[in-house]
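A.B. asks:
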Amino acid sequence: MTYRLGVDVGGTFTDLLLFNQQDGSFFRHKTPSTPHDSSEGILNGLGAICEKAGITPADIEFFLHGTTVATNAVLEGKGARVGLITSEGYRQVMQIARSFVPGGLAGWIVWPKPVPLAALEDTFEVAGRMNAQGEEVREIDEAQIRDVLTKLKASGVQALTVSLMNGYLNGAHEKRIGELAAEICPELPVSLSHEVLPEMQEYERTLTTVANAAVRPVVGNYVRNLRDNLRKGGMAGSLSLLRSDGGLQSSEKSEEHPVALLMSGPAGGVTGALWVGKNAGIKNILTLDVGGTSTDVALIENLEARRVRTTEVGHLSVRASALDVKTVGAGGGSIAYVPELTGALRVGPESAGAVPGPVAYNKGGTLPTVTDANVVLGYLPENLLGGTFKLDREGAKAAVQTVADKLGIDVMEAARGIIDIVNENMFGALRMISVQQGYDPRHFAVMGFGGAGPLHVNAVAKLMGSWPAVSPVSPGVLCALGDATTRMRTETARSYSKSFSSTEEADVLAQLEEMAAQTTKELTSEGIDASDVTVEFELDVRYEGQAFEVPLSIDPETFKSGGLAAIIARFDDEHERLFTFKMDSEHELVNLRAVALGPVLDLEAQRLPEGNGDPVEAKVRDHQLWADGKMVPAVIYDRSKLKANDVIQGPAIVTEMDSTTLIEADCTGTVDAYGNILINLK
1 MTYRLGVDVG GTFTDLLLFN QQDGSFFRHK TPSTPHDSSE GILNGLGAIC EKAGITPADI
61 EFFLHGTTVA TNAVLEGKGA RVGLITSEGY RQVMQIARSF VPGGLAGWIV WPKPVPLAAL
121 EDTFEVAGRM NAQGEEVREI DEAQIRDVLT KLKASGVQAL TVSLMNGYLN GAHEKRIGEL
181 AAEICPELPV SLSHEVLPEM QEYERTLTTV ANAAVRPVVG NYVRNLRDNL RKGGMAGSLS
241 LLRSDGGLQS SEKSEEHPVA LLMSGPAGGV TGALWVGKNA GIKNILTLDV GGTSTDVALI
301 ENLEARRVRT TEVGHLSVRA SALDVKTVGA GGGSIAYVPE LTGALRVGPE SAGAVPGPVA
361 YNKGGTLPTV TDANVVLGYL PENLLGGTFK LDREGAKAAV QTVADKLGID VMEAARGIID
421 IVNENMFGAL RMISVQQGYD PRHFAVMGFG GAGPLHVNAV AKLMGSWPAV SPVSPGVLCA
481 LGDATTRMRT ETARSYSKSF SSTEEADVLA QLEEMAAQTT KELTSEGIDA SDVTVEFELD
541 VRYEGQAFEV PLSIDPETFK SGGLAAIIAR FDDEHERLFT FKMDSEHELV NLRAVALGPV
601 LDLEAQRLPE GNGDPVEAKV RDHQLWADGK MVPAVIYDRS KLKANDVIQG PAIVTEMDST
661 TLIEADCTGT VDAYGNILIN LK
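Counting from 1, one number per residue, gives the positions in the sequence shown under full-length UniProt numbering.
1) Contact check, residue 477 vs residue 30 under 8 angstroms by CB: the rounded distance?
2) Is it buried or exposed, residue 376, if we count other Cβ atoms within 10 angstroms and call 16 or more buried?
3) With DSSP as the reference, label residue 22 as helix, strand or coil.
4) Of all the options 652, 668, 656 and 671, which has the alpha carbon lying nearest to the alpha carbon of residue 662?
5) Could you name the residues that DSSP lists as bridge partners for residue 13?
6) Helix, strand or coil for residue 498, going by three-state DSSP, please let me know.
7) Taking 6 angstroms as the limit between beta carbons, can you name the residues of its chain near residue 157, skipping five residues before and five after?
8) Are the CB atoms of residue 237 and residue 189 within a distance shorter than 9 angstroms?
9) Starting from the N-terminal side, write out each stretch of the alpha helix (DSSP H) that is 4 residues or longer and does not extend beyond the stretch 425-469.
10) Quick check on the burial criterion: 16 or more other C-beta atoms within 10 angstroms. Buried or exposed for residue 591?
11) Roughly how many angstroms separate the alpha carbons of residue 631 and residue 3, rounded to a whole number?
12) Mapping the DSSP letters down to three states, classify residue 505 as helix, strand or coil.
13) Can the beta-carbon of residue 24 be found closer than 9 angstroms to that of residue 17?
14) Mind reading off the beta-carbon distance from residue 303 to residue 274? Whole number of angstroms is fine, and I expect it under 8 angstroms.
15) Report yes or no: do the stretch 166-177 and the stretch 195-215 share at least 3 C-beta pairs separated by less than 8 angstroms?
16) Closest Cβ-Cβ distance between residue 132 and chain D: below 9 angstroms?
17) Around the C-beta of residue 458, are 16 or more other C-beta atoms found within 10 angstroms, so that it is buried, or is it exposed?
18) Just to confirm the assignment, what range does the beta strand (DSSP E) spanning residue 667 have?
19) Could you check which residue in 468, 676, 369 and 646 has the C-alpha nearest to that of residue 419?
20) Give the single residue among 311, 530, 440 and 52 whose Cα lies nearest to the Cα of residue 577.
21) Kindly provide the ranges of any beta strand (DSSP E) runs that are 3 or more residues long and lie completely inside the stretch 535-607, ordered along the chain.
22) Give me the Cα-Cα distance between residue 385 and residue 120, rounded to the nearest whole angstrom.
23) State the CB to CB distance for the pair residue 695 and residue 207, rounded to an integer number of angstroms; the pair is presumed to be in contact (CB under 8 angstroms).
24) Do the stretch 389-396 and the stretch 658-677 touch if we need at least three Cβ pairs shorter than 8 angstroms?
25) Please check the pair residue 267 and residue 286, which I expect to be a contact at CB under 8 angstroms, by giving their CB distance rounded to whole angstroms.
26) Please report the residue range of the alpha helix (DSSP H) in which residue 337 lies.
27) Between which two residues does the beta strand (DSSP E) holding residue 657 run?
28) Out of 538, 140 and 162, point me to the one whose CA is closest to residue 91's CA.
29) Where does residue 308 fall in DSSP's three states?
30) Do residue 415 and residue 407 count as a contact pair if the criterion is CB distance below 9 angstroms?
31) Which residue or residues does DSSP assign as beta-bridge partners of residue 85?
32) Any contact between the stretch 126-143 and the stretch 56-67? By contact I mean 3 or more CB pairs, one from each, below 8 angstroms.
33) Would you mind reading off the limits of the alpha helix (DSSP H) that contains residue 279?
34) Buried or exposed: residue 38, going by 16 or more other Cβ atoms within 10 Å of its Cβ?
35) Under the DSSP definition of a beta bridge, which residues are partnered with residue 136?
So this is what it looks like as structure tokens:
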């Protein structure tokens, strides 16, 4: 058994990438997603890709999976009905929430406040109290707890959360309530706040634990069902899911701790880009993941993806580590329209989705989309997938003509206008994660992937001034590649909350090492050798009196040699980069975290045979596309026939099974040793 299978379930397609661990070769497959039950599409794809590779499911050692099941449960309001047990006097913790109103000055008038994930009628108070040092001030009343649990069981809640004041310092009371719940209502999954998020700030801790409970039944059913079906299909290897922070966790841990999976989907693309960047020798990357409905962007500096301490899905913002991914409503299916009020062209965020889809797909779509504009301009040739999929160019032209008529311009100008606007939307998202975070985009490459990323990456690189624009191998299934090539990850946290002047370095190190031992044990219990585990520390630091912290990562050796002084210097530099100033105030150490990572997949990607620089053997045919206000001659190439060192002069189009790359008129694409196309200005 030497195969790893990465599986990424999207809204339209389920992508599979089967990776041979011995020689780096891979097989890829796309199959339509089955939204009513994602595992059905996965099993269809599993059978097809095993047949392609000439293996059986029993040969797959690792099944690695990015999923949007938890995300969709939150966005669609399909999470479980959650019962909440809090300390006396804190029954309204979810209703009071944080005082945050999005929007302008009058936002509070028009903003419908989101409905809390745990209803007030399902929230109960219990006696008992820990103080701010984690010492018991008042015992719990077991008779009262039994009564509350009996009421919750009768009320019909589907999951249970226990979040008590100062529970993060001492979880004894929460633990006892959990034991009683296992006895009185054993069918209910129980989430305890000191296990889910052992950090201070009771609202964030409660909200994160309630969110965990809300998605637990949905994710649990999905994971168990998938695992059972895979076992029936003969796959005996391990099943792991991708976390929001780009690491993997076992399917069993995912059932208990699904709040870590809320941004599992977009994380796959970022981990895939890391793998490509490592092989291509590019360390600083802006990722551009363009799907049918939305574009996800992220920043990678020195082959480290930027992480944040909050995961945001819709209105929900929970305290869980995630890759810093920003999403905008700009994709291949984004609809172009001209509002009566302004008479100015708009694109998105509404999307034609998979059904009915763009007009060019001939699936009943009638509204002009970004894909239709690309077809009209000749950027997306009519014959796709080796001629098995034909696009309706005339239909696309007629749809874009409706926009042109409203604007009183030529159909080609209207199509180019649609593309320019969607590129500007992507540019805006990339500015958010680079310029607005204190990074100069000119020091980064832009990598375009997803179905439509390579079509837009050249134009977006021009807007950003970021070169080269990179079209990786198999861009359409890069998320699945990310799932297949990332490493196991687990973390634990603890609140510390002391000023640096009253902090003992030895005490901080002792606590971090105790947490490191705990996370390492979690990974070794999943069969990873202790010698293969790497540990990192994370510290949340702020100036005393600030309301927010800046997370800093540091490896144990650096911490031991530089101590707290090195942390202070790091924090001041980071604060200045983020906010353009630093202060002379006292520093405060707020939270400690230990992160344990499994082994890195130390495997080089497959190299292409060397060419002489002329891509003539890969030429499919001559072509015409729109550039500089007119139709100009171009060439279409077949990516599978390109060789290393081939130089493609723009304008040109490179087609492959799962994506299309556009090289603009004033640019040149060079194929590197691993098959990535690096586009630069001529």
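Glycine included, every Cβ here is placed at the ideal spot set by N, Cα and C.
C.D. replies: According to the structure data:
1) 7 angstroms
2) buried
3) coil
4) 652
5) 32
6) strand
7) 81, 83 and 122
8) no
9) 453-464
10) buried
11) 47 angstroms
12) helix
13) no
14) 6 angstroms
15) yes
16) Going by chain labels, chain D is absent from the structure shown, which holds only one protein chain.
17) buried
18) 667-671
19) 369
20) 440
21) 550-554 and 587-597
22) Its pLDDT being 49, under 50, residue 385 is placed unreliably in this model, and the value from its coordinates should be taken loosely. Distance between the alpha carbons of residue 385 and residue 120 is about 54 angstroms.
23) Lying outside 1 to 682, the shown extent of the chain, residue 695 is not represented and no answer is given.
24) no
25) About 16 angstroms; that fails the 8 angstroms criterion.
26) No alpha helix (DSSP H) contains residue 337, which is instead part of the beta strand (DSSP E) from 334-337.
27) Taken as a continuous stretch (DSSP letters only), residue 657 belongs to no beta strand (DSSP E), as it is neither H nor E.
28) 162
29) strand
30) no
31) 124 and 162
32) no
33) 264-280
34) buried
35) 130
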